[in-house]
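In order, the protein sequences belong to chains X and C. Each residue of the first sequence is one higher than the one before, counting from 1 in full-length UniProt numbering. Each residue of the second sequence is one higher than the one before, counting from 1 in full-length UniProt numbering. All C-beta atoms, glycine included, are put in the ideal place defined by N, C-alpha and C. Source: prediction; values computed, not measured. In what follows, a single structure is set out as structure tokens and then discussed.
Protein chains: 2
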Amino acid sequence: MGYTVAVVGATGAVGTRMIRMLESSSLPIDRVRFLSSKRSAGKMLSYKGRPVEVELTTEDSFAGVDLALFSAGGSTSAKFAPYAVREGAVVVDNTSYFRQHPDVPLVVPEVNAHTLKDHHGIIACPNCSTIQMMVALEPVRRKWGLERIIVSTYQAVSGAGQSAINETERELKEVLNDGADPRSVQANILPAGGDKKHYPIAFNALAQIDVFTDNDYTYEEMKMTKETKKIMEEPDLAVSATCVRIPVLYSHSESVYIETKEKAAIADVKAAIAAFPGAVLEDDVSNQLYPQAINAVGSCDTFVGRIRKDLDAENGIHMWVVSDNLLKGAAWNSVQIAEELHRQNLVRPTEELKFKLQ
Amino acid sequence: MGYTVAVVGATGAVGTRMIRMLESSSLPIDRVRFLSSKRSAGKMLSYKGRPVEVELTTEDSFAGVDLALFSAGGSTSAKFAPYAVREGAVVVDNTSYFRQHPDVPLVVPEVNAHTLKDHHGIIACPNCSTIQMMVALEPVRRKWGLERIIVSTYQAVSGAGQSAINETERELKEVLNDGADPRSVQANILPAGGDKKHYPIAFNALAQIDVFTDNDYTYEEMKMTKETKKIMEEPDLAVSATCVRIPVLYSHSESVYIETKEKAAIADVKAAIAAFPGAVLEDDVSNQLYPQAINAVGSCDTFVGRIRKDLDAENGIHMWVVSDNLLKGAAWNSVQIAEELHRQNLVRPTEELKFKLQ
């Protein structure tokens, strides 16, 4: 009496981790289906030690599927998620395509699992950089309120997929082993696969993630702004982001500045974060303890440290937030949503088909 | 009738670049003296194509020296700079040791060259991360005033010296070529040579530069706060920093948020920065033009881009500031101070010995 769970984009950096997360999940799973594009269809993946062949994603792929986890890019979700819903599946979508749709809950389970009950077949998993910031800030918002957020990110290349990881490693080897000038190595993907120019990331910091919007912020930056307001249900919360890619493979780090509505003592902020599910306080500068990207890899938690008062603003607080962008930032948050849907008995066909087929 | 110029710490990452900057300087130089610790004394360096032997730094090294550029660590400056002054030299010190001394001008020539005339034998060169921020923000401060600064840095390992560069390259090779786990590579220097624990920088981001002060900020962060106020002569300017080391060898990048006193149009801010000496505007997101660390290497300029309004604060502006930390951040700013001292006819023995010998 378990579920049939489909993973769309099963061979990608996030998809492979979704499979690992499903293997160790408490979800009752009878069957898994691994779907991909033509390029990867036919490959063999493993699930709980047994081989599973990757199938081509088609409009007919979702018959009998109860839960479909999508992580194959926005256009794939746009094209196939409505078919999954039509077949009675509940979709957990890890792309940005449906995130701002009014009928789509945008969920970080620790923060707003209560919004799942309003789903119409599709639930969106927020952007990686947003999720970890929500885990760190929600305990602060609940106790003292939030007036504003200014965040500068230090994002890993794996957020741009396995090909960006490969590109980064190749570029670094060309510089380190072959003596190439970092300016002359060939870049094909970063900073944004869909943009015109590509720049090396080896020994560089690229202040562009995703393409630019018409207000001179990138889509990545605007995702942090819009998704934060939707998840926290705080339309008036001030949020501005600067999103930067650095030569790190896994785990995003964030320098986060907030102003609270009520004045908060730092010791109390630390205690609130430490008590919040999914958050781990790593903050003891006398012992040089603070979150580090390499230490967060493989963990589903969000690590928070360097919590300290702004030197001038009465209610200003700075902190350093680190999490594995492929796990809590994507695969784990998606599977966690699926678990929460199951717990709330919400894995069921929706009555109305709110999402039109193209 | 030219100067005798000594470089203390001549074999270091900054010292070698000071020598290159002196070679192309307009200063009238008759003779150079390259000084170092015991470890490097006797080595041969080149100056304008001729070999120069590196000498051990002693209390007697400065006889006949007109200008002494120090970049061998705070303790070396503390010990030997007063002897240089006693011998009639003017010291340009690239360490933090004298920066907050009331008799020591702290100088970014484009910003406050007028303070040089008050020197008493020692002029301090600010911290690398401060200097480039000053070049970017001084044109804004002059036209609209500054209320506050929040900065998150993306700093290159070369700021911690040649040994940190070597450590970073070794760690990256161990991970990339030998398949080492980034968590298990041996670290001996970063995040701070003088601190107890050392962490890998390969594929990591370390939210610690220098050791921690008693307010939970690091010394590096407090340098940005204190030096900004002194250089800009704005004791009430609000400045809070988060200083982070990333796996980049050369050039610091900074995500800078400011609030101006008067409201400023973004186009006017861009024009003011573009017109400021030492600053280069690289800001055209429609063509993906923004400053990049790898492009700044070898340049004496500070590159500024991603200039945009905060999404909420009326007078809030974000920008991205990049410069070669070893050049404008250290070697070039020091030589530039020396050039400015010459231009203002200030290379001369001081009447009073304000700096006591130990």
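TODO: Take the Cβ of GLN358(C) as the centre, count every other Cβ of all protein chains shown within 10 Å, and call the residue buried at 16 or more, exposed below.
DONE: As a working mapping, residue 358(C) is identified with position 358 in the second sequence. Caution is warranted here: a pLDDT of 45 is assigned to GLN358(C), below 50, making its placement in the model unreliable, and no coordinate value can be reported.
TODO: Compare the C-beta of GLN358(X) against all C-beta atoms of chain C and say whether one is closer than 7 Å.
DONE: On the first sequence, position 358 is the one that residue 358(X) refers to. Confidence at GLN358(X) is low in this model, with a pLDDT of 45, below 50, so its placement is unreliable and the value that follows should be read with caution. Chain C contact via Cβ: absent.
Task: SER24(X), buried or exposed, once every other Cβ within 10 Å from all chains shown has been counted against 16 - done: Taking the first residue of the first sequence as 1, we reach residue 24(X) at position 24. Its Cβ having fewer than 16 others within 10 Å, SER24(X) is exposed.
- [ ] For HIS318(C), write down the residues that DSSP places opposite it in a beta bridge.
- [x] For this step, residue 318(C) is matched to residue 318 along the second sequence. Answer by DSSP bridge pairing, in chain order: TYR257(C) and ARG308(C).
Open item on the list: I'd like to check one pair, LYS226(C) with GLY145(C): are the Cβ atoms closer than 7 Å?
Closed with: To locate residue 145(C), count along the second sequence from 1; it is residue 145. To locate residue 226(C), count along the second sequence from 1; it is residue 226. Contact flag unset, no.
Task: Start and end residues, alpha helix (DSSP H) containing residue 367(X) - done: Not covered by the structure: residue 367(X). The range shown for chain X is 1 to 358.
- [ ] Would you list, in sequence order, the uninterrupted beta strand (DSSP E) runs of no fewer than 3 residues that lie entirely inside the stretch 262 to 309 of chain X?
- [x] 279 to 281 and 302 to 309
Open item on the list: Strictly below 7 Å CB to CB, what residues from chain X border THR225(C)?
Closed with: Against the second sequence, residue 225(C) aligns to sequence position 225. Correct list: LEU311.
- [ ] Look up PRO247(X) in the DSSP assignment and give the residues it is bridged to.
- [x] Residue mapping note: residue 247(X) aligns to position 247 of the first sequence, counting from 1. For PRO247(X), which the question treats as bridged, DSSP gives no partner whatsoever.
Task: Through-space distance from LYS117(X) to GLN344(X), alpha-carbon basis - done: Translated into positions along the first sequence, residue 344(X) becomes position 344. Translated into positions along the first sequence, residue 117(X) becomes position 117. Distance between the alpha carbons of GLN344(X) and LYS117(X): 8 Å.
Open item on the list: Under DSSP, the beta strand (DSSP E) around residue 370(C) begins and ends at which residues?
Closed with: Here chain C covers residues 1 to 358 and nothing more, so residue 370(C) does not appear.
Task: DSSP bridge partner residues for GLU87(X) (one or two, in chain order) - done: Working through the first sequence from its first residue, we reach residue 87(X) at position 87. Answer by DSSP bridge pairing: none, since GLU87(X) is not bridged.
Open item on the list: Going by the DSSP bridge assignment, what does ALA241(X) pair with across the sheet?
Closed with: Here residue 241(X) is taken as the residue at index 241 of the first sequence, counted from 1. DSSP output for ALA241(X) lists VAL151(X) as bridge partner(s).
TODO: Would you give the residue range spanned by the beta strand (DSSP E) that TYR219(X) belongs to?
DONE: Against the first sequence, residue 219(X) aligns to sequence position 219. Note, TYR219(X): premise wrong, no beta strand (DSSP E); alpha helix (DSSP H) at 219 to 232.
Open item on the list: Can you confirm whether SER152(X), when its beta carbon is compared against all beta carbons of chain C, has any partner nearer than 7 Å?
Closed with: Position 152 of the first sequence, counted from the first residue, corresponds to residue 152(X). So, interface residue.
TODO: Measure the alpha-carbon distance for ALA338(X) versus VAL90(X) and round it to whole angstroms.
DONE: Here residue 338(X) refers to the residue found at position 338 of the first sequence. Here residue 90(X) refers to the residue found at position 90 of the first sequence. Whole-angstrom Cα-Cα distance: 9 Å.
Open item on the list: Please state the DSSP three-state secondary structure of ARG33(X).
Closed with: One-based indexing of the first sequence puts residue 33(X) at position 33. In the structure shown, ARG33(X) sits in a strand (DSSP, three-state: E or B).
Task: Terminal residues of the beta strand (DSSP E) in which ILE123(C) lies - done: Mapped onto the second sequence, residue 123(C) falls at position 123. It spans 122 to 124 - the beta strand (DSSP E) in which ILE123(C) sits, taken as one unbroken run.
TODO: Work out the CA separation of ASN112(X) and SER129(C) for me, nearest whole Å.
DONE: The residue given as residue 129(C) occupies position 129 in the second sequence. The residue given as residue 112(X) occupies position 112 in the first sequence. Each residue's alpha carbon lies about 40 Å from the other.
- [ ] Drop a sphere of 10 angstroms on the beta-carbon of GLN155(C), count the other beta-carbons inside from all chains shown, and report buried for 16 or more, exposed for fewer.
- [x] Translated into positions along the second sequence, residue 155(C) becomes position 155. So GLN155(C) counts as buried.
Task: Proximity to ALA136(X) [Cα-Cα], best of ARG306(X), THR350(X) and SER46(X) - done: Reading the first sequence from its first residue, position 136 is the one you call residue 136(X). Comparing Cα positions, the closest option is ARG306(X).
- [ ] With DSSP as the reference, label SER26(C) as helix, strand or coil.
- [x] Mapped onto the second sequence, residue 26(C) falls at position 26. Here SER26(C) sits in coil by DSSP.
- [ ] Give the DSSP-derived three-state secondary structure of VAL135(X) in the structure shown.
- [x] Residue numbering aside, residue 135(X) sits at position 135 when the first sequence is read from its first letter. The answer is helix: DSSP assigns VAL135(X) an H, G or I state.
- [ ] Drop a sphere of 10 angstroms on the beta-carbon of GLN100(C), count the other beta-carbons inside from all chains shown, and report buried for 16 or more, exposed for fewer.
- [x] Indexing the second sequence from 1 puts residue 100(C) at position 100. By the 10 Å Cβ count, GLN100(C) comes out exposed.
- [ ] Give every residue of the same chain whose Cβ lies closer than 6 Å to the Cβ of GLY9(C), excluding the five residues on either side of it in the sequence, and list them in chain order.
- [x] On the second sequence, residue 9(C) is found 9 positions in, with the first residue counted as 1. Answer for GLY9(C): GLY15, SER71 and ALA72, listed in chain order.
Open item on the list: Do PRO235(X) and ILE201(X) have their beta-carbon atoms positioned less than 7 Å apart in this structure?
Closed with: Residue numbering aside, residue 201(X) sits at position 201 when the first sequence is read from its first letter. Residue numbering aside, residue 235(X) sits at position 235 when the first sequence is read from its first letter. Not a contact, by the Cβ cut-off of 7 Å.
- [ ] Measure from the C-beta of GLU339(C) to each C-beta in chain X and report whether the shortest distance is under 7 Å.
- [x] Translated into positions along the second sequence, residue 339(C) becomes position 339. No - not a single Cβ of chain X is within 7 Å of the one on GLU339(C).
Open item on the list: Quick check on the burial criterion: 16 or more other C-beta atoms within 10 angstroms. Buried or exposed for LEU56(X)?
Closed with: Start at 1 with the first residue of the first sequence, and residue 56(X) comes out as number 56. Flag for LEU56(X) reads exposed.
Task: Ordered list of beta strand (DSSP E) runs contained in the stretch 184 to 217 of chain C, each at least 3 residues - done: none
Open item on the list: I want to verify the contact list: residues of chain C whose CB lies under 8 Å from the CB of SER253(X), in sequence order.
Closed with: The residue labelled residue 253(X) in the question sits at position 253 within the first sequence. Within chain C, the residues near SER253(X) are ALA205, ALA207 and VAL244.
Task: 8 Å Cβ cut-off: residues of chain X touching ARG306(C) - done: Translated into positions along the second sequence, residue 306(C) becomes position 306. What ARG306(C) touches in chain X: ALA207, ASP216 and THR242.
Task: Start-to-end residues for the beta strand (DSSP E) that takes in LEU45(C) - done: Position 45 of the second sequence, counted from the start, is the residue given in the question as residue 45(C). 44 to 47 is the span of the beta strand (DSSP E), which, as asked, contains LEU45(C).
TODO: Just the C-alpha distance for ILE294(X) and HIS120(C), rounded to the nearest angstrom, thanks.
DONE: In the first sequence, counting from the first residue as 1, residue 294(X) sits at position 294. In the second sequence, counting from the first residue as 1, residue 120(C) sits at position 120. For ILE294(X) and HIS120(C), the distance between alpha carbons rounds to 47 Å.
Open item on the list: Which residues of the UniProt domain "Semialdehyde dehydrogenase NAD-binding" (4 to 119) of chain C have a Cβ closer than 7 Å to any Cβ of chain X? Give them in chain order.
Closed with: none
Open item on the list: According to DSSP, is GLN358(C) part of a helix, a strand, or is it coil?
Closed with: Position 358 of the second sequence, counting from 1, holds the residue named residue 358(C). Summary for GLN358(C): the model assigns pLDDT 45, below 50, so the residue's position carries little reliability; its value from the coordinates is reported in the next sentence. Looking at GLN358(C) - three-state DSSP - the assignment turns out to be coil, as it is neither helix nor strand.
Open item on the list: So with CB distances below 7 Å, who are the chain C contacts of LEU249(X)?
Closed with: Locating residue 249(X) in the first sequence gives position 249, where the first residue counts as 1. In chain order: PHE203.
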